[in-house]
Amino acid sequence: MCKQFIFHLIMGFVCTLCVVIVLIVYLNAEKVDRPNIVFIIADDLGWNDVSFHGLDQIPTPNIDLLAYSGVALDRYYTHCICTPSRSALLTGKYAHTIGMQGYPLVNSEDRGIPKTEKIMPQYFKDLGYATHLVGKWHVGISRTEFLPTLRGFDSHFGHRGGYIDYYEYTLEEDLDSSKVSGMCLYRNLTPAWDVEGYITDVYTETAKAIIESHDETKPLYLMVAHNAPHSGNDGALMQAPPEDVRSMRHVELPGRRIYAAMVKKLDESVGDILEALLLKGILEKTIIIFVTDNGGMTSSSSYGSNFPLRGMKMSPFEGGVRGVGLLWAPGLLPDYLWKGYIHVADWLPTLLSAVGAKLPEGIDGLDLWNHIKLNKTSPRNNIFEIDDYTGYASIISGDFKLVTGNVTIKYSHHKGRDLVGVIGTEHSYEDNIRKSKMYSVLEKIGRPFNITNISLKTNSKINCKGKDNEDNDLCYPHNDKLCLFNIKEDPCEKIDLAEVYPDLVIKLEKDLKMEMTRLIPRYPIPVFRDTRSAPRLFNYTWAPFADSL
């Protein structure tokens, strides 16, 4: 009896010890020292709107130094419109596979990223991150369940729709054959009526406050999605503080001058956020991404430029889908241009890989972390752009790109050549670099920047080959007409090669049609403007209107 008692006592002790060991292993696994992530998104920033791409007209020293001390992504591709691009970023899937492609989401539309989709902040929240969104959402506002704090963000301060007025925070929209306007700036679920100031500055101060108050027992995931330099409402399309506009007086055209001031404020925001990370003591434990959501808009309502790339936002040409992108992280080789293909959908698996997390299955994004970190060839070979609303589609495969369907001609030319005019002389590029906050930040972390090391500025500049075609000499797809370009040799998409490589056209068209079988169709325009969303029904705010539907 005594022996049995001793035996059971020993076995009980062994079992208890096993449980304790398992708990220790589990808890240690949960306490992995993961890096922080700060993801900064510009809205409608053009290829030619940052000075590290070669043009000094708009100085962007903080963004440039982030590229010089990190990795510039030479072939960073997005969807050509904001809602699809942000949907792909958050889900790791092409927008057309979840019904988020095409014309950007309007505030009166009952649509959002499907609740069945797990999105980026939810993945990081599961890993123990504190998750915050400052700025633009634009992937669903009609139902409370679509909103950021119901989708994985601990907090959201920002605008829910496509854009807002830079001082009044309103958004104007066509509804029931008339114009309506409503407040669109929110603090979590409450309209932020108390806020004052230029919205780029307001977002910057909010991001800094989050960094300063961050509890370092958790890693930080902070997304800063700026309104800048997107245009505003019809009555005040371009907005920037007068003193900043005045500082850009070397820019010839008035509209472009205000736009340049908007970009200047965006660049200063980047410097301020990096300085806040330094002062908090977490900069060297942080991965930083800076991207645009799509190409710039060049029109009477906005003065972004993708020149010399062809096309702009709302088009499948390079100006619409090839965007500004860079990555900064401890341990990365500085000042190099990664020439591999990367799509906006790749950020989800790439960042999860960077923090040592398990990668999700069933997504379109690829893990490119080690390929970028070690300067290896990208495994991505195909990129799709499918818009059944407008009616065009494209596939990039290797060096070639096939464009099909019916594009919107006014968005598909070479735009922006007339925006580069300068009165007198531009600011000294070297002086701008030395006066920037990022220059000081790099010195303080022991990585001082040598102003002679700006080969990236030359290497990332795009030079178009071939004759300088008139717009009417370019290939525009329509009906059965397809356009094929070698975007490596002809990045400005001037020379149609469809008749030169007919077999390749057949193959790429087949691949594109196969991908289109995955498409979830969009609704036509009369369906998606719902009069029940009218701001006057919600104290003149854009609020969820479909909760009870």
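Residue numbers (the working numbering): 5 to 553.
The C-beta atom is built at its ideal place from N, Cα and C for all residues, glycine as well.
Looking at the structure shown, is residue i part of a helix, part of a strand, or coil, going by DSSP?
i	result
residue 32	Because the pLDDT of residue 32 is 45, which lies under 50, any placement of that residue in the model is unreliable, and the number read from its coordinates should be weighed accordingly. Helix.
residue 511	helix
residue 215	helix
residue 431	coil
residue 80	strand
residue 226	strand
residue 239	helix
residue 458	coil
residue 142	coil
residue 266	helix
residue 205	helix
residue 542	helix
residue 396	strand
residue 232	coil
residue 67	helix
residue 499	coil
residue 43	strand
residue 485	strand
residue 153	helix
residue 293	strand
Sorted by chain position, which residues of the same chain lie with C-beta nearer than 8 Å to residue i's C-beta, five sequence neighbours on each side aside?
i	result
residue 364	96, 122, 127, 352, 353, 356
residue 451	73, 338
residue 515	386, 399, 401
residue 381	344, 375
residue 143	87, 90, 91, 94, 104, 109, 116, 117, 150
Could you compute how far the alpha carbon of residue i sits from the alpha carbon of residue j?
i	j	result
residue 133	residue 152	15 Å
residue 399	residue 391	12 Å
residue 538	residue 405	42 Å
residue 293	residue 189	24 Å
residue 275	residue 155	29 Å
residue 501	residue 235	36 Å
residue 586	residue 408	This structure cannot speak to residue 586, because the chain is shown only from 5 to 553.
residue 346	residue 460	18 Å
residue 540	residue 166	19 Å
residue 362	residue 368	16 Å
residue 449	residue 438	16 Å
residue 192	residue 136	10 Å
residue 231	residue 204	7 Å
residue 11	residue 37	For residue 11, the predicted model reports a pLDDT of 49, less than 50, meaning its position is unreliable and no value from the coordinates is stated.
residue 433	residue 252	14 Å
residue 284	residue 227	17 Å
residue 198	residue 129	29 Å
residue 239	residue 377	46 Å
residue 379	residue 335	12 Å
residue 265	residue 215	26 Å
residue 100	residue 413	22 Å
residue 246	residue 262	9 Å
residue 169	residue 177	12 Å
residue 416	residue 319	6 Å
residue 250	residue 40	37 Å
I want to see whether chain D comes within less than 8 Å of residue i, judged by CB atoms only; does it?
i	result
residue 102	The structure shown contains no chain D; it is built from a single protein chain.
Leaving out five residues on either side along the sequence, give the residues of the same chain with a beta carbon under 6 Å from the beta carbon of residue i.
i	result
residue 229	45, 139, 140
residue 479	487, 500
residue 329	77, 80, 295
residue 436	63, 65
residue 267	53, 62, 233
residue 43	227, 293
residue 403	490, 492
residue 113	532
Mind checking who residue i pairs with in its DSSP beta bridge?
i	result
residue 519	In DSSP, residue 519 forms no bridge with anything.
residue 368	Note: residue 368 sits in no beta bridge, so no partner.
residue 191	161, 194
residue 404	401, 490
residue 445	DSSP, once it has assigned bridges, lists no residue as partnering residue 445.
residue 114	Paired residues: none, contrary to the question.
residue 440	Bridge partners of residue 440: none, in fact.
residue 186	175
residue 136	159, 226
residue 50	According to DSSP, which records beta bridges pairwise, residue 50 is partnered with nothing at all.
residue 386	401
residue 554	Lying before the first or after the last residue shown, residue 554 is absent from the chain, which here runs from 5 to 553.
How about residue i: is its Cβ closer than 7 Å to a heavy atom in the ligand FAD?
i	result
residue 198	Here there are no bound small molecules, and the ligand FAD is not part of this structure.
By Cβ distance below 7 Å, which residues in the same chain neighbour residue i in space, the five residues on each side in sequence not counted?
i	result
residue 544	186, 187
residue 535	179, 180
residue 370	350, 353, 383, 384
Considering only residues of the stretch 296-341, which uninterrupted alpha helix (DSSP H) runs meet the minimum length of 4 residues and lie entirely inside it, listed in chain order?
-> Taking 4 residues as the shortest admissible run, the stretch 296-341 contains the following complete alpha helix (DSSP H) segments, listed from N- to C-terminal end: 322-325.
Any beta strand (DSSP E) of 3 or more consecutive residues that is wholly inside the stretch 89-134 = Within the stretch 89-134, no complete beta strand (DSSP E) run reaches 3 residues.
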